[in-house]
Each structure stands twice: as structure tokens, then as C-alpha cells.
Amino acid sequence: MSLNSEKKYKGKILIVDDERVALQNLTYIFKKENYNIVATSDSVEALELIKRKEFDVLLTDLKMEKIDGLELLKAMKYYQPEAETVIITAYATIDSAIEALKSGAFHYISKPFKLDEVRKIIAEAMEKVKLKKENKLLKQEIESLKGKVKIITHNQYMQDLLNTALQIAKTDCVVLITGESGTGKELFARFIHEASNRKDKPFIAINCGVFSEELLASELFGYEKGAFTGASQTKMGLVEQADGGTLFFDEIAEMSPSMQVKLLRLLQEHEFYRIGGLKPIKVNVRFIAATNRNLKKMVELGSFRQDLYYRLNVVHLHLPPLAERKEDIPVLAYYFLRRHAKAMNKNVKEIAPEVLHSLQQYDFPGNVRELENIIERGVALARGEVLDLTCLPEELKTLEIHTFRRKDGHYPTLEEHELAYIKWILKETKGNKTKAAKILGIDRVSLWRKLKKYGLDKDFIF
Numbered sequence: 001m002s003l004n005s006e007k008k009y010k011g012k013i014l015i016v017d018d019e020r021v022a023l024q025n026l027t028y029i030f031k032k033e034n035y036n037i038v039a040t041s042d043s044v045e046a047l048e049l050i051k052r053k054e055f056d057v058l059l060t061d062l063k064m065e066k067i068d069g070l071e072l073l074k075a076m077k078y079y080q081p082e083a084e085t086v087i088i089t090a091y092a093t094i095d096s097a098i099e100a101l102k103s104g105a106f107h108y109i110s111k112p113f114k115l116d117e118v119r120k121i122i123a124e125a126m127e128k129v130k131l132k133k134e135n136k137l138l139k140q141e142i143e144s145l146k147g148k149v150k151i152i153t154h155n156q157y158m159q160d161l162l163n164t165a166l167q168i169a170k171t172d173c174v175v176l177i178t179g180e181s182g183t184g185k186e187l188f189a190r191f192i193h194e195a196s197n198r199k200d201k202p203f204i205a206i207n208c209g210v211f212s213e214e215l216l217a218s219e220l221f222g223y224e225k226g227a228f229t230g231a232s233q234t235k236m237g238l239v240e241q242a243d244g245g246t247l248f249f250d251e252i253a254e255m256s257p258s259m260q261v262k263l264l265r266l267l268q269e270h271e272f273y274r275i276g277g278l279k280p281i282k283v284n285v286r287f288i289a290a291t292n293r294n295l296k297k298m299v300e301l302g303s304f305r306q307d308l309y310y311r312l313n314v315v316h317l318h319l320p321p322l323a324e325r326k327e328d329i330p331v332l333a334y335y336f337l338r339r340h341a342k343a344m345n346k347n348v349k350e351i352a353p354e355v356l357h358s359l360q361q362y363d364f365p366g367n368v369r370e371l372e373n374i375i376e377r378g379v380a381l382a383r384g385e386v387l388d389l390t391c392l393p394e395e396l397k398t399l400e401i402h403t404f405r406r407k408d409g410h411y412p413t414l415e416e417h418e419l420a421y422i423k424w425i426l427k428e429t430k431g432n433k434t435k436a437a438k439i440l441g442i443d444r445v446s447l448w449r450k451l452k453k454y455g456l457d458k459d460f461i462f
């Protein structure tokens, strides 16, 4: 078979079932769905195939002679950790389901089953495998940055942005990063620099909003000795200092019209004049700009040059506000908790469920920066190992009390808090248990146990 035809497959499935009819039916179904299928009724042969060949999904019966489905699942996890396993059985029990999920099965289906159900589960497993493989490549790229820049996210849109950033990092194209204040625009610019061939050269950032026009020109381009009163010696500007590396213009929208003209020439010609200088100076610099304003609208209003806008907008990365990536709030909160606990030499290890719930309810107008400030403050105020409600700012305490206090003034127990939070997360994820477990920071089996503990296992089909 040619390589071109292999690329058309949705993915590769190993089907194992000692019932010939079931094996033939499943093989027929998924071949029609355009999957690459390897099928066997011999579990010993299946084990050898797992050791020798690569698969995306293992679809296996549970009860088989010689080697059962759980053993094949464990082998798959050992030899092919990115793959997923779906178990089908006619002997379904709660214990066997929990055992399969504990061992890492993606799903567990009882016979007789509906074909549409199996198709849907396999498609979901394939999508998860695809994401895991993409994330593995992304992590390898990120790890190659030697930990200099950390961007933590579970949000798919942010993962896509990181992938795009990695792709463009090796080029020298100009990048425009937009997003609200506190979303991490400079961090993204540093990430691009560290992933580029310029990583061993300077990364220099300048905030265009904090300087007057004259001071900004002086900072960027430097000046010759005697160029103005007080210029007692020649000064090298930031553009020269960034030669070979990356120059990051933060708050680019605040630049005056005359400075915009000078910047446009710098972007076009890669050369500039020092203040008071007569000879142009050539530089080899990668340019990244950022703003929290709508540059396109500013162009329409005449407050930002259209030609400069097009020069800057070669690749546009828009960072979403934290309120639009709420699944990142718990993981970011714990990251900041560990970082600040270590910096303050404090033994704060946990965040109370009601605090996480309150953080999830909050809109974060200051975005990630505000979340870090809240956690840093909480670590400083925490008296034990748990960051609890007493450590939160008043506006978040009020939000949490309003959310959880009953009309009779009763304060719920910790278990009641946990139950309410789990229900809320399941509602937010529209019942997606895999996503809910990820946000909660637990595996699917632990989530199933909690649902069973609170009598929700029948309400939410696992």
C-alpha cells in the first residue's frame, strides 16, 4: 500500500475478540468508517502486535482465554502510552468497569451495544490520541526552551496559539500580539524569541506608553555626542542593543504619529539614524509588537498609520481573556501557589475547593496577572497548608458566600462544598466527564468514585 493511501485513514485500530462474528462485524464497521484495521481473535497474537506495531486505539473484549482484555490494556499502556483502549464485554459489572478505568481504559462498553455508541466512542478516543500526540510534540518543543519561558494551559485555543508561535518562531516575520492587559503578551513574545534561532541573542522590551516622544526616540535610537544639551557622550539605543535578537514593542498603539513614521522606516529598511547622527546604522532584528487596543479601528479613525499596521500585522496572535479559558484557572492557581510558597518558604500545599469555585466564578478583569496577585496574597496570608477563603480579597469572599450560603444562614460542610463544585464543573463542561476530571485535577476513576459517593453515578453516565 502506498504512503499516500495510508494518509487517508482516520487512524489505526487493533480489534481483539475471540468471538468470530463480533470480530468480523467490528472489522467491517470500522473499515467502512475509513480506519486502518488490524483484527485478531488470538489474544497472544494481539500482545505480540502491541509490542511490534503502532496503533492509535485498542478495541478489545474483556474475557478471553490465555490473556484477557485488562492484560492487553496494561500492555498497551506500557508499550504505547499515547494510545487509548476501549473495552467491550458481555460480563459487565461495576467492579470490572472500575478496574478497567483504573488501569487506564478510555471507555468501557457492555454487550449488546449500539453501533452508533461504539462509533462515537472510537471517534472520541481517536481525537484524544491526536491531541496527545500533538501535545507531546508541543511539550518537546517547549522543553527544548530549557524552562526559560513557561506558558501553562489546558485550553485548546491557547494550545493552537502555542503551536502557531512555534511554527513562526523559526522565521523572522513580524508578529502582532493583541489581548487585554494581563493576558501574557510579553510572555508570548519571549516564548517566540526562546524558540527561535535568535534565542542566544538579546530580547529587549520597551513600553511605548511610558515615554514622551523625545524620550522614546532617545531610548530606541540612541544619540551622538553633542546631539543636544546634556549629550556628553554617544549612547547606543535599544535597537542597536537588540542587534541579532528580538525587539518587543509593548503598547505600540501609544506611539505618536511622528514616531510611527520612524518605526515604519526601521521595519522596512532595517536601518535607522541615531539622534544627531548622519550615517544610517544597519541592524538585524526581529520585531514583535503588542497592544490591548484595536489597531484596525484606530486606523479607521486616523490615529494609527495604515501602512505601519500592515507592516506589523504579518502574523496576528490574539490572546483570550482568562474569563474565556476558565479550565486554566485551577492549573494556573496551583502553579502560582507552588511558585510563591517556595519563594516565601511557606508550606502551603492545597487550595480549598470553595476557593477554586470562587476563582472559577470570578471574571478576572486583570486576567492572569490578577490571578497571580490573588494567589501570592493568599500564600502570604495562609496560616497552614491550605489556602482558604480567609486568604481571598473581600470581593471574592463576598462572591463565594453569596454563592454558597443558604437562605437560613447555614454554612455548608466541606463535603457540601465539594459536591456543589463538582456539580458546577459538570454543568460547565456539559457533562463531559473527561474534561471535568481534568479541570478538577483528578483522573476519571476518582471522579466516578466521587459521583458514586454523592449518589450522582446514575445521573451522570460515566
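Using full-length UniProt numbering, you'd call the opening residue of the sequence shown number 1 and step up by one each time. Every residue, glycine too, gets a C-beta built ideally from N, C-alpha and C.
- The shortest C-alpha to C-alpha distance from phenylalanine 55 to any of Val44, Ala75, Leu62, Ile67 is the one to Ala75.
- Less than 7 Å separates the beta-carbon of glutamate 376 from that of histidine 340.
- Taken atom to atom, the span from the alpha-carbon of phenylalanine 211 to that of arginine 338 is near 36 Å.
- Here lysine 433 really is in contact with arginine 444; their C-beta atoms are around 6 Å apart, less than 8 Å.
- As a beta-bridge residue in DSSP terms, leucine 59 pairs with Ile15, Val86.
- Going by DSSP, arginine 449 is part of the alpha helix (DSSP H) stretching over 444 to 453.
- Three or more Cβ pairs closer than 8 Å define a contact, and the stretch 356 to 370 falls short of that threshold against the stretch 159 to 173.
- Counting only runs of at least 4 residues, the stretch 295 to 319 fully encloses the following alpha helix (DSSP H) elements, listed from N- to C-terminal order: 295 to 301, 306 to 312.
- The alpha-carbon of proline 81 is positioned some 10 Å away from that of glycine 104.
- If the five residues before and after lysine 349 are omitted, its C-beta is found closer than 6 Å to the C-beta atoms of Glu385, all from its own chain and listed in chain order.
- In the three-state reduction of the DSSP assignment, serine 96 falls in the helix class, which pools H, G and I.
- Between aspartate 17 and aspartate 68, the C-beta spacing is not below 7 Å.
- A Cβ-Cβ contact shorter than 7 Å links phenylalanine 221 with arginine 274.
- In the DSSP assignment, no residue is bridged to arginine 339.
- Rounded to whole angstroms, the separation of the alpha carbons of leucine 115 and tyrosine 28 is 12 Å.
- Taking the C-beta atoms as reference points, lysine 185 is found nearer than 7 Å to alanine 290.
- For tyrosine 157, the closest C-alpha among the options Tyr334, Leu216, Leu317 is that of Leu317.
- DSSP links leucine 247 through a beta bridge to Ile204, Phe287.
- Looking at Asp363, Met64, Leu381, the one whose alpha-carbon comes closest to that of glutamate 395 is Asp363.
- Annotated three-state conformation of serine 41 is coil, per DSSP.
- By alpha-carbon distance to alanine 90, the top candidate from Tyr108, Ala436, Ala205 is Tyr108.
- Setting aside the 5 residues that flank it on each side, glycine 237 is surrounded in the same chain by Leu220, Phe221, Gly222, each with a C-beta closer than 6 Å to its C-beta; the list follows chain order.
- As the crow flies, the alpha-carbon of isoleucine 192 is around 37 Å from that of leucine 389.
- Per the DSSP secondary-structure output, threonine 178 pairs in a beta bridge with Thr291, His318.
- Counting only unbroken stretches of 3 or more residues, the beta strand (DSSP E) elements lying wholly within the stretch 209 to 255 are 246 to 250, in sequence order.
- As computed with DSSP, asparagine 36 is found in a beta bridge with Lys12.
- If you look at histidine 357, you'll find it in the alpha helix (DSSP H) that goes 353 to 361.
- Excluding the 5 residues flanking it on each side, cysteine 208 has same chain C-beta neighbours closer than 7 Å at Leu216, Phe249, Asp250, Glu251, Ile252, Glu254, Met255, in chain order.
- Arginine 325 counts as buried, since no fewer than 16 other beta carbons sit within 10 angstroms of its beta carbon.
- For a cut-off of 8 Å, the C-beta gap from leucine 264 to leucine 308 is around 5 Å, short enough to register as a contact.
- Taking the Cα positions, threonine 40 is about 37 Å away from histidine 154.
- Here DSSP, grouped into helix, strand and coil, assigns serine 258 to helix.
- When rounded, the separation of the alpha-carbon atoms in alanine 436 and tyrosine 454 is 16 Å.
- If you look at isoleucine 67, you'll find it isn't in any beta strand (DSSP E); DSSP assigns it neither H nor E.
- With 16 or more neighbouring CB atoms inside 10 Å of its own CB, valine 368 falls in the buried class.
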